[in-house]
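First residue of the sequence shown? That's 437 in this note's numbering, and the numbers climb one at a time after it.
Beta carbons are placed, not taken as given, at the ideal position from N, Cα and C, and that holds for glycine.
As the structure is a computational prediction, the values presented were derived from the model and not from experiment.
Following: one structure in structure tokens, then a few remarks.
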Amino acid sequence: MVVLLNKVEDSFARSVCERWNAKEDALLEILHEVQGAKGFLSDAALRTIANTLNISRAEIHGVVSFYHDFKRKKQPDQCIKICRAEACQAVGCDELIHQAENFFGVEMNNGGDDISLEATYCLGNCALGPAVMIDDNLYGRVDIERLKAISAKHSKVGSR
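Rendered as structure tokens:
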């Protein structure tokens, strides 16, 4: 079964690379597209990308580890990113983080199976802090009650 899944991943990753004409300068786009299909980048997919683009796995590892949006393991159903930049700190993001950890029962940057809380630095919504991003949707002036409501809207996880 694992071999079959690796062949499917291998085939998909190769087709994505070929769609980008197997060009190394399209590596970020390729990684995003492959991750978008499964939610994370597997060893098999990275090996195929490296072979197809004729670059080392070390080069790919450098890119994947540099950009925090690339994930190497299956992610929870819902990812809540809370901005910790200076503007958001000035308006209470630390208290929001503390309350969110208590409510969701997970620690920042150590998510559970259903939900993760991730610290991020600047979501570009500085005038409306604390800023939060859930499933690529940006929200401003978020307190714990609003975070609970937004989370519930995005997933059954938040409706505790």
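- Residue 578: not part of any alpha helix (DSSP H); DSSP gives it neither H nor E.
- Pairing residue 519 with residue 559 gives a Cβ-Cβ distance under 9 Å.
- Where residue 535 is concerned, the enclosing alpha helix (DSSP H) starts and stops at 529-540.
- Restricting attention to 463, 446, 450, 527, the CA atom closest to the CA of residue 562 is found in 527.
- Counting along the chain, residue 522 sits inside the alpha helix (DSSP H) bounded by residues 522-526.
- Two segments are said to touch when three or more pairs of C-beta atoms, one from each, lie closer than 8 Å; by this definition the segment 541-560 touches the segment 507-518.
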